[in-house]
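There are 6 protein chains.
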Amino acid sequence: MTRIDGRKFNELRKIEIVTDFVKFPEGSVLISCGNTKVLCCASVEYFAPKHVEEGTGWVTAEYSMLPRANRERSRRDISKLKLSGRSAEIQRLIGRSLRAAVDLSLLPGLTITVDCDVLQGDGGTRTASITGGFVALALACKKLVDEGVLIRNPVKHYVAAISAGIVDEQPMLDLCYEEDSSAQVDLNCVMDDDDCLIEIQGTGEGRAFTLKEQQELVELCRKGIRELMAMQRAILEG
Amino acid sequence: MTRIDGRKFNELRKIEIVTDFVKFPEGSVLISCGNTKVLCCASVEYFAPKHVEEGTGWVTAEYSMLPRANRERSRRDISKLKLSGRSAEIQRLIGRSLRAAVDLSLLPGLTITVDCDVLQGDGGTRTASITGGFVALALACKKLVDEGVLIRNPVKHYVAAISAGIVDEQPMLDLCYEEDSSAQVDLNCVMDDDDCLIEIQGTGEGRAFTLKEQQELVELCRKGIRELMAMQRAILEG
Amino acid sequence: MTRIDGRKFNELRKIEIVTDFVKFPEGSVLISCGNTKVLCCASVEYFAPKHVEEGTGWVTAEYSMLPRANRERSRRDISKLKLSGRSAEIQRLIGRSLRAAVDLSLLPGLTITVDCDVLQGDGGTRTASITGGFVALALACKKLVDEGVLIRNPVKHYVAAISAGIVDEQPMLDLCYEEDSSAQVDLNCVMDDDDCLIEIQGTGEGRAFTLKEQQELVELCRKGIRELMAMQRAILEG
Amino acid sequence: MTRIDGRKFNELRKIEIVTDFVKFPEGSVLISCGNTKVLCCASVEYFAPKHVEEGTGWVTAEYSMLPRANRERSRRDISKLKLSGRSAEIQRLIGRSLRAAVDLSLLPGLTITVDCDVLQGDGGTRTASITGGFVALALACKKLVDEGVLIRNPVKHYVAAISAGIVDEQPMLDLCYEEDSSAQVDLNCVMDDDDCLIEIQGTGEGRAFTLKEQQELVELCRKGIRELMAMQRAILEG
Amino acid sequence: MTRIDGRKFNELRKIEIVTDFVKFPEGSVLISCGNTKVLCCASVEYFAPKHVEEGTGWVTAEYSMLPRANRERSRRDISKLKLSGRSAEIQRLIGRSLRAAVDLSLLPGLTITVDCDVLQGDGGTRTASITGGFVALALACKKLVDEGVLIRNPVKHYVAAISAGIVDEQPMLDLCYEEDSSAQVDLNCVMDDDDCLIEIQGTGEGRAFTLKEQQELVELCRKGIRELMAMQRAILEG
Amino acid sequence: MTRIDGRKFNELRKIEIVTDFVKFPEGSVLISCGNTKVLCCASVEYFAPKHVEEGTGWVTAEYSMLPRANRERSRRDISKLKLSGRSAEIQRLIGRSLRAAVDLSLLPGLTITVDCDVLQGDGGTRTASITGGFVALALACKKLVDEGVLIRNPVKHYVAAISAGIVDEQPMLDLCYEEDSSAQVDLNCVMDDDDCLIEIQGTGEGRAFTLKEQQELVELCRKGIRELMAMQRAILEG
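Protein chains in written order, with my numbering: chain Y, 198 to 435; chain V, 198 to 435; chain A, 198 to 435; chain Z, 198 to 435; chain R, 198 to 435; chain D, 198 to 435.
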């Protein structure tokens, strides 16, 4: 089997992570996964939200697509006065995933917001946002330590994410838009550097899927995430 | 191990499904899962949304909690002018799950909206909405066939959902609110009557989880869903 | 003259008031007036709004219909980003009516919000909300006294409400939906246990009405309200 | 008893109705009732709303206060993104009242919107809006007849409105702001030229009120409305 | 060349500035410029916004058109839930212009909001709002001094505004609606009593314009503004 | 005098215009002016808005800043449910400027929307949006001609924009953020390739400015715009 873009079934698209594409955020990366491009900016603010326990901090995320990130222009949320349900769902997922990377008790009185703005969308924008958003978050944390704001680095785990799916009855890793559009099953995994799951979300689009298929897709994701983490590590520790 | 409410680790809460609690919707049920109560109403409208292929129909869902469904009163969405992100996420899940139950090409020019309004929330409201919402949807479809609007019943699969989680390192089925609040891992499955997954969503709340744990939780859900489907079947075919 | 449902011109529909249908609110009732069903939940919160005099409290109400409470499904307010004008008008009426029942100076620093959610609407939802809402409010006040939060019960009057109207030139009590739809005149009274008016709202829908007709309708309401108060009393003092 | 502004208990404030204060609307008046000033503009548009029966038309109203119409500045609705509940209630009342003045079947395919914008508020703005709004509506209808758009004038009744209330246990007509602020009972009547009620709305603010008191207040309103109609007639037929 | 309304190319429309048209604001004027009528109300509030330096105050403006201020009725902003872009732009301009008139350090802890509500629009509403708004602001400041709230009057400059434009290749001052509709170039100037510019905004509507044309239009505006300031002075110092 | 970044008073910042940074829009550029970076995307849609004359088309623009485009993070418009007044003003300016570049009668039945999203803001974002937006628009038009959708290219003029200001009494071209923050006068010009003005907007921030100063600033802008147009030309015709 050959995929539409010539990849093997278990092969990631070309990943590129550019740091400091913009200069104001405490941490920022422009991540490209094939033609998907997401600008991830981590901003530190010196307050913690009300719902957070005294003496700890918070990490949250926002997700949005530029109007012409896609094949067709879509209206901005503000012109409809509604955050799209899809964006609401995705930014909650990113926030939960990134909180799993840090020890919030080491961020006392701070909020870090990771803005993920999709400049170009070609499938896999939510997982790219998590993978890139983690690097932006880690850069911001490093900066806080370097500047003496924090004594210990709150990052306790690497976190990365990828999708896998079944297209034409064939499991494959990291679906691009065209594969995603015709996928029968679509599954995203967020994992840490212990090979453990933080989030799993799977959807039967064209048909339901067996428990065995589900396991195969998780295994594919596990492979991809290991590769993504190697790239994250090269940037952050390189 | 004994659970807070005396159940065994793989035991569902008491489930009750009352049909025709309200009389105007084409299909309606009041489903109780322990103390969780959700009113599920399926409404038939004679148009199909624009994005739907000519000659087919649509099934969608809306989810909301009454202000005092919970331990504390929460403000209505309308007073904040924002649909809560959590509701947006849940109603998208319910909609996808229920669409997997029907053959949309057998609903030409129709939209069925399943409104899931939580009257009392004690954990598991999204899975109760799917399990109860399926019955409401099936009742509405049956009515359309009985009235001659549809020739063939578009329901092709039973669909039900349940959660499982890890609490105090112990996997257990169908978490109630108190268990859910302290769960380390929380995982929801939506399955059909072929024992296949339609949706799976798992989250590590307190910690990440291994692939093996994930499988155990899915197995627990599978057991619960079989029991739920027996109840659905008793009502619809009884 | 016989009415559509066989009642006499001055006869109420069958009234049922179920307490504790849901368990979290400090006071709650499910009131049925014929086919109209309203869930009334009184929630106590430990703050008073800014506009309230120091040392006193507040009672307020919110009113909403579930999307399929009626013969046709209506869109949720949140999807239109607007509270319906009708709901705004009705919840202001309920709030004023229930405040007349209590001595606000005996609720220092507290707010009680009575949520009236119509599960099924068949005419008379606003008056059912007041009649049922009063019972929920009184139950909440009783609880506050029982728990020692309040020393004296702030309820100073029973409050109930009913409609009367002119249909086919015939005055009648407690219009159901079908009567309401073709009513020439529609009038609601809210009264206390001294036979005094708290609110009166009358509308000529098909034609204007004489002062004499207005008095007849008020008298019909007075009769109905006495009967409703007997039921309220049976529940609260029974 | 002398009133704060020297009036007798059954005396209206000074009423002034200036036509053509603005020149674009098909009908417009600036009505002053004491210090209350409302600009009422009737606009004709060549469409009928969907809910209206084929071949007929519609009359509707909108009500708003300028930010500094009152003793203190209030924020505009748009800055809160919410139509105030009070405005929603009042504009529904004005709309119902003005529709009672016309035969909608004589306005085929037309909508007349009467905008009532309070420039200065000193009590009685809703009744001034109805009394002034009727004149604006009648002027617009006359213009439509004069221009040959309509063959018959759709106005079938004069309509005017006034308030009465109980202040310090004394019933009085046409409350100004200071009286209104301390009123025990406040009641508005909308009547036609047959001495019949179109709308009645009474509220016990400080206390409930007897049926007899209610009658007295209605009688006071009847007297005031007759005087208002004489002024309307002088302008429209003068 | 004769203009549509008989004016000379460098002639203002008839200007009328009526003070105290409404009585609650600390300063108010109804300004008419030909058929354009704007009610300008300056309201003093005893707080300063957060972004303002400690010990100083703020002046801001809001601008709105009544629905039937124009030839056709327009929907209210609140019914669209959006402040019109045009209003947003204009109220920012008015605010900047009026702040240039005062020394904010002499308004410690105060906010003055100038509401400009267009009752009738016939071209030049933004410049009329500035010219009239300045008088309302100056009246409010005078009142604060007279009442001893302020020791020194914070007004340091007179401020007025006017438009000029090119219509049929002819530069002219103070365009009325009909001229404005067919103008090739439209330019507004806000100036102070030193003959200096505070704001300049010019737009080529039908065609671009040379630097020389731009200067001619500014000169026309300068002439008109001198005349407007003479009127302002007569009212404020007369 | 030396400027903060070493430029001469009449020197532009380093300008870079990258085409095809994203691939879906019909035309797109990433323009950098010093540290200011704006992504400009022109999208073609096959409809014309209602207000447009039959047989012609429309060009419009939207402007937004990413949350962390600036030194401090700002909340997204959607979380406030309001388009910022500043964005509303700027996008209207961009739209008017770009419409001056094209003959709308040569875009029959088409709308081109130019989205200007500021990735990094360091002063001059609105003028960068116009200069870059023009290139995106021209690329889109060229594509429409190349694909045979349009027979003649509707672009009739080059359009570019720049700011000039007075800082410490010194006129200078193309203010960066630090200069802009302390500018006494700020003036933007939009010009075409005939050396004519399309838009001019000048504001006295710290003080008013003379007509002579205004001329000087316009001259500075003219010089800058000629240089910008040379760059535009090199890209579009190179």
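The beta-carbon is built from N, C-alpha and C at its ideal position, and this holds for glycine as well.
It should be emphasised that the depicted structure is a prediction, and the values quoted were computed from it without experimental measurement.
Tell me, please, whether the CB atom of residue i is closer than 8 Å to any CB atom in chain A?
i: CYS393(Z); result: yes
i: ALA437(Z); result: Coverage of chain Z is limited to positions 198 through 435, which leaves residue 437(Z) absent and any answer about it impossible.
i: ASP389(Z); result: yes
i: ARG283(V); result: no
Going by C-alpha to C-alpha distance, which of the options sits closest to residue i?
i: ASP391(V); options: ARG423(V), GLU286(V), THR400(V); result: ARG423(V)
i: GLY362(Z); options: VAL356(Z), TYR374(Z), ASP383(Z), PRO351(Z); result: ASP383(Z)
i: PRO305(Y); options: ALA285(Y), TRP255(Y), ALA325(Y); result: TRP255(Y)
i: CYS338(Y); options: ALA298(Y), GLY318(Y), VAL315(Y); result: ALA298(Y)
i: GLY203(V); options: GLY421(V), GLN429(V), ASP371(V), MET262(V); result: ASP371(V)
i: LEU290(Y); options: VAL356(Y), GLN429(Y), GLU413(Y); result: VAL356(Y)
i: ASP312(D); options: LYS353(D), GLU251(D), LYS340(D), ILE228(D); result: ILE228(D)
i: ARG430(V); options: CYS386(V), VAL332(V), ASP343(V); result: VAL332(V)
i: ASP343(Z); options: ILE212(Z), GLU223(Z), PHE406(Z); result: GLU223(Z)
i: GLU242(R); options: ARG270(Z), GLN381(Z), THR199(Z); result: ARG270(Z)
i: ALA358(Y); options: GLN367(Y), LEU394(Y), CYS238(Y); result: LEU394(Y)
i: PRO246(Y); options: ASP377(Y), LEU301(Y), GLN398(Y), GLU402(Y); result: LEU301(Y)
i: LYS211(A); options: CYS373(A), GLY401(A), VAL387(A); result: CYS373(A)
Using 10 angstroms around the beta-carbon of residue i, count the other beta-carbons present and answer buried if the total reaches 16, otherwise exposed.
i: PHE244(R); result: exposed
i: SER379(Y); result: exposed
i: PRO351(Z); result: buried
i: LYS279(Z); result: buried
i: GLU251(R); result: exposed
i: GLU286(Y); result: buried
i: SER276(Y); result: exposed
i: GLY421(A); result: buried
Return the CA-CA distance between residue i and residue j, expressed in angstroms with no decimal places.
i: GLU375(R); j: VAL215(R); result: 25 Å
i: THR253(V); j: LEU303(V); result: 7 Å
i: ASP365(R); j: ASN232(R); result: 22 Å
i: GLU259(Y); j: VAL249(Y); result: 18 Å
i: GLY309(R); j: VAL235(R); result: Looking at the sequence itself, residue 309(R) is Ile, so the reference to Gly does not match. Going by the C-alpha atoms only, they are around 18 Å apart.
i: ALA325(A); j: CYS230(A); result: 7 Å
i: GLU434(Y); j: ALA427(Y); result: 10 Å
i: LYS205(A); j: THR199(A); result: 7 Å
i: VAL219(A); j: ARG404(Z); result: 33 Å
Could you tell me whether any Cβ in chain R is nearer than 8 Å to the Cβ of residue i?
i: LYS220(Z); result: yes
i: ASN232(Z); result: yes
If you measure from the beta carbon of residue i to each beta carbon in chain D, is any gap under 8 Å?
i: ASP274(Y); result: yes
i: SER240(Y); result: yes
i: LEU341(R); result: no
i: LEU408(R); result: yes
Counting contacts by CB-CB distance shorter than 8 Å, is residue i in contact with chain B?
i: ARG293(Z); result: Absent here is chain B; the protein component of the structure consists of chains Y, V, A, Z, R and D.
Looking at chain V, is there any beta carbon in it that lies within less than 8 Å of the beta carbon of residue i?
i: GLU213(A); result: no
Would residue i and residue j be called neighbours here (beta carbons separated by less than 8 Å)?
i: ASP314(D); j: SER261(D); result: yes
i: ILE327(Z); j: SER294(Z); result: yes
Can you determine whether any heavy atom of the ligand ATP sits closer than 7 Å to the C-beta of residue i, and answer yes or no?
i: CYS386(Z); result: As for the ligand ATP, it is missing from this structure, which has no ligand bound.
Compare the C-beta of residue i against all C-beta atoms of chain Z and say whether one is closer than 8 Å.
i: ASP312(R); result: yes
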